[in-house]
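Worksheet: one structure, shown below.
Protein chains in written order, with our numbering: chain A, 335 to 587; chain U, 335 to 587.
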């Protein structure tokens with residue numbers, strides 16, 4: 335099957351048994367992940383992924399509809415892994431249980447709450463801001479994928495594939511909102527969802543600015559008039575999270 | 335020169351005089367603008383633009399380096415038009431003068447300020463939030479372009495083109511921040527810049543979510559589990575602006 339010049343002929347046979355097919359599917363996702371981390375999501379083509387796995391493009395299309403479906407599946411995986419990490423950092427007692435939404439809020443030392451003032455970023459709000467900033471700052475692939483999802487990935491897959499993806503991403507956002515509410519019980523569920531959604535959108539947009547191409551990076555390095563346009567991702571996200579958490583309760587109508 | 339099947343031969347001659355060249359350049363930008371507004375920035379190719387103008391692709395490349403340079407030039411134009419509109423709405427006395435940064439803050443009835451509380455979204459903060467939300471909500475092309483800029487447009491043009499663009503966009507953000515400070519003198523210049531930058535990034539990201547492709551739009555319409563994932567752009571931006579403005583002063587460290 336191998337026609338790619340990068341692959342020694344005969345390394346791969348056509349996968350016939352179910353477990354072989356799952357293995358092949360994982361290999362495709364793994365190759366796409368590696369290439370996207372190295373070169374950025376935008377530059378990775380279906381042909382690149384097929385060459386990396388060592389199969390022909392037509393063989394790859396037996397597993398995924400399009401390049402975009404591969405990346406949408408990686409995005410779904412990245413959301414699940416992200417929300418598991420949030421559980422571990424903000425709610426160590428219930429990692430990955432997903433039961434927070436119905437449980438009792440557990441941290442009363444909130445820096446944001448019914449009192450209507452946000453404080454100066456200390457306490458639970460500062461912890462939430464820091465954990466969220468790092469949760470995106472430490473996950474370059476998730477951030478890159480978030481920006482590509484509504485622009486490209488969701489626009490070039492079947493309705494069923496986008497539906498599966500949406501249920502996963504909405505589930506992760508809902509679970510993350512429940513984790514925030516557990517830490518900051520003075521916020522409403524809708525406010526926690528607003529916070530998570532805004533942070534995720536900003537993480538996607540700001541990651542692209544924080545990781546310019548070679549020409550723009552050289553320009554930033556050489557031109558003091560432009561250096562201010564670059565962004566340091568985690569500190570910027572931390573500050574924005576602090577502002578949002580401090581503003582949610584006081585701006586209630 | 336016309337080889338496109340969509341153009342009657344002889345409609346266009348090669349532009350030789352400077353004013354003809356400027357006209358041709360404007361026609362290219364106008365065609366790109368119309369197509370992007372109709373179909374979305376991501377789908378418009380260099381060949382589409384050339385066909386719309388009625389010139390061959392090779393003729394178009396005498397005016398612009400790449401498809402991305404055309405859209406980067408449209409983005410620069412859109413930023414300038416946007417900041418002129420902000421002046422008109424928030425500082426009618428000095429539309430487009432760009433002198434606000436050094437002038438005296440003029441509105442003392444601020445809802446956000448040194449007192450450290452944001453109020454409930456009334457007064458000057460509510461006005462700023464509303465004007466910013468509409469400034470993006472009424473400009474679909476600007477929003478679409480903002481998302482594409484760091485992802486694509488800035489990565490496929492010459493260093494000189496990206497430098498010119500950056501100076502324009504940074505100028506617009508700086509001018510907008512000065513307008514915000516004029517309306518809300520209790521905020522620092524850095525806080526006003528933070529507000530403008532966050533709003534612009536969110537406008538780009540949320541516009542993409544608010545304007546899904548046909549398959550996803552149909553899914554939103556048919557599936558109540560997913561309807562919540564869609565976004566109504568201007569109301570969402572207004573609410574986020576209120577939260578940010580209410581949180582900036584209280585979250586100062």
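Don't be surprised by glycine CBs; every beta carbon is placed ideally from N, CA and C.
Legend entry - Local conformation of residue 568 of chain U per DSSP, three classes: helix
Legend entry - 8 Å Cβ cut-off: residues of chain U touching residue 581 of chain A: 452, 576, 577, 578, 579, 580, 581, 582, 584 and 585
Legend entry - Spatial neighbours of residue 486 of chain A in its chain, beta-carbon cut-off 7 Å, leaving aside the 5 residues before and after: 402
Inset, instruction - Please indicate yes or no: does the CB of residue 398 of chain U lie closer than 7 Å to some heavy atom of the ligand ZN? - result: The model depicted lacks the ligand ZN and carries no ligand whatsoever.
Legend entry - Rounded C-alpha distance that separates residue 367 of chain U from residue 399 of chain U: 17 Å
Inset, instruction - Ignore the nearest five residues each way along the sequence and tell me which others in residue 530 of chain U's own chain have a CB closer than 6 Å to its CB. - result: 507, 510 and 511
Inset, instruction - Output, in chain order, the set of chain A residues within a Cβ distance shorter than 8 Å of residue 485 of chain U. - result: 376, 481, 482, 485 and 542
Inset, instruction - With DSSP collapsed to three states, give me the class of residue 409 of chain A. - result: helix
Inset, instruction - Would you mind stating whether residue 424 of chain U and residue 462 of chain U have Cβ atoms separated by less than 8 Å? - result: yes
Legend entry - Bounding residues of the alpha helix (DSSP H) (the contiguous stretch that carries residue 397 of chain A): Neither: residue 397 of chain A is in no alpha helix (DSSP H) and is coded neither H nor E.
Inset, instruction - Check distances from the C-beta atoms of the segment 554 to 569 of chain U to those of chain A and list, in chain order, the residues that come in under 8 Å. - result: 557, 559, 560, 562 and 563
Legend entry - Beta carbon proximity, residue 496 of chain U to chain A, threshold 8 Å: yes
Inset, instruction - Would you verify that the beta carbon of residue 489 of chain U is, or is not, closer than 8 Å to some beta carbon of chain A? - result: yes
Inset, instruction - May I have the straight-line CA-CA distance separating residue 580 of chain U from residue 537 of chain A, to the nearest angstrom? - result: 21 Å
Inset, instruction - Go ahead and label residue 556 of chain A buried or exposed: buried means 16 or more other beta carbons lie within 10 angstroms of its beta carbon, across all protein chains shown. - result: exposed
Legend entry - Residue span of the alpha helix (DSSP H) that contains residue 491 of chain U, given as start and end: Premise fails: residue 491 of chain U is in no alpha helix (DSSP H) and is neither H nor E.
Inset, instruction - Tell me whether residue 353 of chain A is buried or exposed, calling it buried when 16 or more other Cβ atoms sit within 10 Å of its Cβ. - result: exposed
Inset, instruction - Within the same chain, show all residues whose beta-carbon is closer than 7 Å to that of residue 417 of chain U, passing over the 5 residues directly before and after it, in chain order. - result: 506, 509 and 510
Legend entry - Within 8 Å, strictly: CB atoms of residue 359 of chain U and residue 397 of chain U: yes
Legend entry - residue 469 of chain A versus residue 514 of chain A: straight-line alpha-carbon distance, rounded: 13 Å
Inset, instruction - Pick helix, strand or coil for residue 556 of chain A, following the three-state DSSP scheme. - result: helix
Inset, instruction - Assign residue 587 of chain U to buried or exposed, taking buried as 16 or more other Cβ atoms, counted over all protein chains shown, within 10 Å of its Cβ. - result: exposed
Inset, instruction - Report yes if the CB atom of residue 547 of chain A is closer than 8 Å to the CB atom of residue 376 of chain U, and no otherwise. - result: no
Inset, instruction - Examine chain U for any beta-carbon lying closer than 8 Å to the beta-carbon of residue 500 of chain A, and answer yes or no. - result: yes
Legend entry - Proximity test, Cβ basis, 8 Å: residue 276 of chain U and chain A: No answer is possible for residue 276 of chain U: it lies beyond the span of chain U, which begins at 335 and ends at 587.
Inset, instruction - Quick one: list the residues of chain U neighbouring residue 504 of chain A, beta-carbon separation under 9 Å, in chain order. - result: 559, 560, 562 and 563
Inset, instruction - Let me know the secondary structure DSSP gives residue 374 of chain A once reduced to three states. - result: coil
Legend entry - the segment 403 to 411 of chain U touching the segment 489 to 502 of chain U, judged by at least three CB pairs closer than 8 Å: yes
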